[in-house]
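There are 4 protein chains.
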Amino acid sequence: MRIRLGQNNYGKSRVRLLRVSRASSSHEIKEITIAIRLEGDFESAHTIGDNSKILPTDTMKNTVYVLAKQYPPEPIEEFSAHLIEHFLTYNPQVARAEIECTENLWSRIPVGGKPHDTAFMRAAGEKRTSLVAATRAAAEFSAGISDLVILKSAQSGFEGYIHDPYTTLKERSDRILATSMRAEWVYVSEGIAFSSVWHGVRKLLLETFAEHDSLSLQHTLYAMGEAVLGNFEQIQEIRLSMPNKHYNLVDLQPFGLENDNEIFLPIDEPHGLIEATLRREI
Amino acid sequence: MRIRLGQNNYGKSRVRLLRVSRASSSHEIKEITIAIRLEGDFESAHTIGDNSKILPTDTMKNTVYVLAKQYPPEPIEEFSAHLIEHFLTYNPQVARAEIECTENLWSRIPVGGKPHDTAFMRAAGEKRTSLVAATRAAAEFSAGISDLVILKSAQSGFEGYIHDPYTTLKERSDRILATSMRAEWVYVSEGIAFSSVWHGVRKLLLETFAEHDSLSLQHTLYAMGEAVLGNFEQIQEIRLSMPNKHYNLVDLQPFGLENDNEIFLPIDEPHGLIEATLRREI
Amino acid sequence: MRIRLGQNNYGKSRVRLLRVSRASSSHEIKEITIAIRLEGDFESAHTIGDNSKILPTDTMKNTVYVLAKQYPPEPIEEFSAHLIEHFLTYNPQVARAEIECTENLWSRIPVGGKPHDTAFMRAAGEKRTSLVAATRAAAEFSAGISDLVILKSAQSGFEGYIHDPYTTLKERSDRILATSMRAEWVYVSEGIAFSSVWHGVRKLLLETFAEHDSLSLQHTLYAMGEAVLGNFEQIQEIRLSMPNKHYNLVDLQPFGLENDNEIFLPIDEPHGLIEATLRREI
Amino acid sequence: MRIRLGQNNYGKSRVRLLRVSRASSSHEIKEITIAIRLEGDFESAHTIGDNSKILPTDTMKNTVYVLAKQYPPEPIEEFSAHLIEHFLTYNPQVARAEIECTENLWSRIPVGGKPHDTAFMRAAGEKRTSLVAATRAAAEFSAGISDLVILKSAQSGFEGYIHDPYTTLKERSDRILATSMRAEWVYVSEGIAFSSVWHGVRKLLLETFAEHDSLSLQHTLYAMGEAVLGNFEQIQEIRLSMPNKHYNLVDLQPFGLENDNEIFLPIDEPHGLIEATLRREI
């Protein structure tokens with residue numbers, strides 16, 4: 512029998528960083544968590560324990576801090592590209608590098624109605640994300656949003672589906688629709704105005720979700736993806752992953768009460784999960 | 512040997528509820544999680560398995576939904592009082608009831624600059640909380656905030672502390688101060704305008720944190736509690752619990768770089784933890 | 512208005528430690544997480560930011576590692592006592608110190624049927640815990656178990672309880688009983704054989720749970736506590752906290768099938784919660 | 512612009528199930544969590560909200576319970592195949608179905624040295640997993656282990672790696688090696704003795720980890736995969752994912768003490784992550 516080493520990668524995950532920019536009396540802060548994954552000529556490390564081509568993951572971590580000093584990590588897509596360029600330049604054994612960034616979002620604490628210069632609060636549970644991957648020949652830039660929890664109390668139904676012998680779900684023209692959205696989109700190129708596009712996409716996803724007459728979660732997911740591709744020509748593909756966070760109508764009939772679409776039971780499990788990728792046709 | 516049953520209680524935890532109010536075309540939503548704890552004459556249930564005085568926790572859960580239909584759960588303090596009144600009225604074996612509420616905060620999705628009528632997003636990771644406890648003779652109303660993540664990039668130092676043989680920490684007049692605040696306060700009575708006071712306390716805690724010249728986390732915690740007691744005579748006591756979420760300056764000297772208070776390493780563990788109660792002197 | 516600083520404490524939480532003992536070719540490992548809480552004369556730190564009586568929490572952390580080198584952290588109760596003695600001896604401003612320990616349990620990996628000398632696996636999700644608290648006058652030693660997940664598929668019913676208008680639960684003489692147990696017990700003195708007693712208590716709690724004819728979770732909880740107090744005179748009090756992790760019988764009637772106590776739906780929320788303290792009568 | 516719907520799937524996640532088999536007085540229990548993902552002709556559901564080809568995820572959940580009654584979910588690989596066969600048989604619009612199972616492992620509580628018939632405890636934090644995917648033409652069976660936490664206190668070093676200007680890590684011939692292993696392997700066919708092979712693979716992975724003279728985590732990962740492929744001809748491919756859970760030697764020199772490879776600081780983040788697939792060469 513012979514054994515072949517297939518797809519493999521290694522790197523450092525959960526490298527955390529806060530950068531405070533004190534260029535003016537109004538500070539800027541940026542908090543990110545980075546994962547680095549390298550692919551390349553690492554076969555002898557696996558088969559005979561030869562570490563001569565292994566850059567320690569501890570060194571990768573140090574490199575993040577050194578580069579964060581040299582290049583402001585703003586936006587995360589460009590900081591990721593700097594890191595990848597560093598790893599590819601100084602490590603001929605590396606064929607491909609991938610950097611995943613997750614950014615915690617902070618807003619300024621309002622004091623007397625004005626945003627404070629140096630005091631911040633976490634803006635939301637949601638995160639801004641990016642994934643940059645590159646070989647020496649080509650690079651791909653992706654960005655995204657995770658953990659964006661949204662809910663519609665109107666304009667949402669689910670009817671006309673298959674009824675088989677195991678179906679007990681009742682059709683409803685008026686149900687709660689809620690999800691914790693994850694979106695990832697791929698840019699057509701580098702050199703995009705990453706931060707302004709990110710804010711634009713986020714706004715459009717939220718507005719489309721709010722205004723859509725939803726016939727199903729698939730239907731709304733598609734409408735959201737379609738809106739993004741239709742309005743941002745910098746984006747060639749978008750993937751949406753949406754758990755259906757069920758809010759079930761509580762049955763109050765045993766207690767002689769009617770539940771007029773008013774009292775709901777939120778449940779975390781089980782949950783539906785809808786995932787799709789939309790692509791711009793070339 | 513004789514054994515005595517000491518302090519004991521039982522109840523239902525993590526009872527979840529969403530209420531949608533459709534009184535106008537602009538819906539209101541309220542999402543809460545409730546824990547119920549009853550104390551009383553439950554000795555024979557423990558010692559001989561006599562369930563004749565046991566109200567099942569499943570019934571407690573049903574009661575939450577029935578009462579949420581009858582009394583809008585707004586504010587959570589008053590809804591808790593309704594629940595307690597129910598349990599004390601119909602269950603002579605219950606001597607004391609305690610209801611803990613945790614509210615997820617939702618805001619409206621802005622569409623074209625205006626808040627949408629029926630689409631919502633989770634406002635923040637923070638929660639509004641309450642704890643109402645009552646016997647047939649007396650009741651106590653408490654409220655609070657949990658998981659409020661805040662950070663100061665200026666006006667914070669830590670100096671002049673004890674140096675013993677195991678001290679390696681460097682004194683700093685300019686450090687990052689960050690915490691995930693938990694506050695709980697006790698009202699002097701019932702019949703308070705619970706929601707407007709809650710928003711007022713939250714605003715004051717945030718503003719005090721932002722503007723304080725902090726000599727330590729203890730110092731800032733005390734200033735925050737003092738501000739609340741000084742401005743809200745409806746509150747007789749406040750307890751603050753603040754983990755010190757350390758952001759350590761990264762040492763870049765090994766790489767020939769100076770870190771001018773710019774690049775920090777956030778760490779979750781270990782963390783300091785500062786807790787104190789402040790009371791209005793009578 | 513005057514404000515008084517009430518109960519307050521500060522310290523370091525989540526201080527983690529692994530100790531490897533290489534006294535023989537068969538290594539011993541011990542992995543613990545420690546929380547330190549100090550109470551004392553800290554009023555001026557709060558009110559005016561005077562840190563002259565503040566031992567930094569960073570120094571507390573260093574102290575843990577220094578003492579772990581000097582005194583093997585085995586058992587955790589005695590290591591905690593060493594730490595407390597250190598803090599009380601060198602810090603006159605400290606009136607009371609409390610050390611909470613949580614131990615991850617490791618077992619040896621079996622190789623060819625024999626436990627390996629230097630390779631280990633996590634034994635279970637459960638933890639061994641301790642809480643030692645002392646002033647200069649007196650000390651109290653407690654120990655415990657957390658996260659012990661246990662289940663009975665027989666000898667468990669729940670009948671004869673109160674039926675009120677909101678009760679829908681069906682009485683059952685044969686139900687699944689499951690919990691994630693937390694037990695904490697208080698020793699009558701120091702100088703106990705802490706580790707052998709801990710293993711004895713754990714065994715007795717498990718055996719009592721297994722063999723009990725349970726009429727309710729309260730009933731079984733009490734039997735477990737009673738067994739411990741009846742068999743370990745070193746223990747004066749035990750507190751048990753048991754969430755009722757419901758396993759509901761799935762209704763298969765809509766599909767023309769009978770569910771003969773065979774197929775269950777485990778649910779995490781809502782859950783019952785039963786808590787009681789048992790004390791030895793003096 | 513035209514938009515194309517690319518890869519998409521939907522289904523139900525976190526469907527939980529406990530089955531109690533009472534065939535003898537010694538009960539058997541099986542607790543699993545299932546995720547179902549269907550692919551097929553769902554384009555019109557996305558684009559125009561036509562649900563006529565949508566089997567509700569609620570029905571999928573019901574189907575799990577019905578089939579668990581009809582076919583004992585033992586082993587999980589075969590139960591998954593039954594579910595897939597059901598979905599493909601009755602749903603012509605489904606082209607491919609994927610079932611992921613995660614099994615909580617329970618052991619019997621020992622009473623008086625003997626395993627109890629009807630009382631159980633969670634055996635470990637680790638899980639048994641499976642992934643079965645099939646079209647009408649072909650099926651693939653995979654199995655795995657997740658969350659297996661293991662540690663070596665000897666026979667582990669890391670030396671001879673690249674030193675670049677950002678490297679500060681010290682070479683060590685004697686370090687702690689620890690990970691929370693995730694392994695997934697692909698079977699060459701169906702009709703395998705899934706449970707006995709699973710136990711055999713688990714034992715071999717543990718023994719290889721224990722006995723390996725590790726020159727790096729890559730080196731040990733490869734040895735573990737190689738052992739599995741070398742001993743189980745039913746397996747054609749294995750993927751291992753191993754976070755390097757660092758245990759750093761604590762520097763006690765500032766306190767005048769030498770740390771003789773004895774006191775370590777466990778850290779969760781950042782962590783190395785090593786991933787590789789090994790395949791049998793045909």
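Protein chains in written order, with our numbering: chain A, 512 to 793; chain B, 512 to 793; chain C, 512 to 793; chain D, 512 to 793.
Where a beta carbon is used, it is the ideal one built from N, C-alpha and C, also for glycine.
On a predicted model such as this, the values are computed, not experimentally measured, just so you know.
Query, Result
"Of the listed residues C/Gly551, C/Leu578, C/Ile545 and C/Arg513, nearest to D/Gly767 (C-alpha basis)", "C/Leu578"
"Contact residues within the stretch 664 to 695 of chain B, judged by C-beta distance below 8 Å to chain D", "Pro676, Tyr677 and Thr679"
"Within the stretch 665 to 724 of chain C, ranges of the alpha helix (DSSP H) (whole runs, at least 4 residues)", "705 to 722"
"Extent of the continuous beta strand (DSSP E) to which D/Ile746 belongs", "Ile746 to Asn755"
"Pairwise C-alpha distance: C/Ala630 and C/Pro621", "9 Å"
"Between the CA atoms of B/Ser691 and D/Leu715 - distance to the nearest angstrom", "45 Å"
"Nearest residue (CA-CA) to A/Phe678, options D/Ile793, D/Gln518 and D/Ile565", "The amino acid at residue 678 of chain A is misidentified as Phe; the sequence shows Thr. Residue D/Ile565 is the option with its Cα nearest to A/Thr678."
"Contact with chain C by D/Val531, beta-carbon distance below 8 Å", "yes"
"Own chain, CB closer than 7 Å to C/Ile785, minus 5 neighbours either side, in chain order", "Leu728, Gln729, Leu732, Met753 and Asn755"
"Spatial neighbours of A/Glu542 in its chain, beta-carbon cut-off 6 Å, leaving aside the 5 residues before and after", "Leu529 and Asn615"
"CA nearest to the CA of C/Gly702, picked from C/Gly741, C/Gln745 and C/Val660", "C/Gln745"
"Outcome for B/Asn759 when other beta-carbon atoms lying within 10 angstroms are tallied against a minimum of 16", "exposed"
"8 Å CB neighbourhood of D/Tyr582 in its chain, flanking five on each side removed", "Glu589, Phe590 and His593"
"Rounded separation between C/Pro584 and C/Ile540 - CA only", "10 Å"
"Cross-strand partners of C/Val660 (DSSP beta bridge)", "C/Ser691"
"Under 9 Å by beta carbon: chain C residues contacting A/Phe766", "Pro676, Tyr677 and Thr679"
"Extent of the continuous beta strand (DSSP E) to which D/Ser532 belongs", "Val526 to Ser532"
"Closest Cα partner of C/Gly517 within the set C/His557, C/His538 and C/Ile545", "C/His557"
"Beta carbon proximity, B/Glu596 to chain C, threshold 8 Å", "no"
"Where the stretch 571 to 587 of chain B meets chain C: residues whose CB sits under 7 Å from a CB there", "Lys572, Asn573, Thr574 and Val577"
"Backbone secondary structure at C/Gly560 - three-state DSSP", "coil"
"Under 8 Å by beta carbon: chain A residues contacting D/Ile746", "Ordered by position in chain A, no residue passes the 8 Å Cβ test against D/Ile746, which lies about 11 Å from the chain."
"Cβ-Cβ distance between B/Leu740 and B/Leu776 below 8 Å", "no"
"Touching by the beta-carbon criterion (3+ pairs, under 8 Å), the stretch 634 to 644 of chain A and the stretch 601 to 609 of chain A", "yes"
"Cut-off 8 Å between Cβ atoms - residues of its own chain near B/Gly783, not counting five sequence neighbours on either side", "Leu728, Pro754, Asn755 and His757"
"Partner residues on chain B for C/Leu553, Cβ-Cβ distance less than 7 Å", "Note that residue 553 of chain C is Phe in the sequence shown here, rather than Leu. Within chain B, the residues near C/Phe553 are Gln729."
"DSSP state of A/Val739 mapped onto helix, strand, coil", "helix"
"Unbroken alpha helix (DSSP H) run spanning D/His593, endpoints", "Ile587 to Tyr601"
"Spatially closest choice to B/Ala694 from B/Val708, B/Lys663, B/Asp658 and B/Ala634, by CA coordinates", "B/Asp658"
"Secondary structure of D/Ala608, DSSP reduced to three states", "strand"
"Contacts of C/Met512 in chain B (Cβ-Cβ under 9 Å)", "Leu740, Gly741, Glu744, Arg791 and Glu792"
"Alpha carbon of C/Leu549 to alpha carbon of A/Asn770, nearest angstrom", "52 Å"
"Cutoff 8 Å: C/Lys523 Cβ touching any chain B Cβ", "yes"
"Counterpart residues of B/His782 in DSSP-defined beta bridges", "C/Ser524"
"Within chain B, partners of A/Ile656 - CB distance below 7 Å", "Near A/Ile656 there are no residues of chain B at all, since even the closest Cβ is about 11 Å away, more than 7 Å."
"Chain B contact for A/Ile774 (CB, 8 Å cutoff)", "yes"
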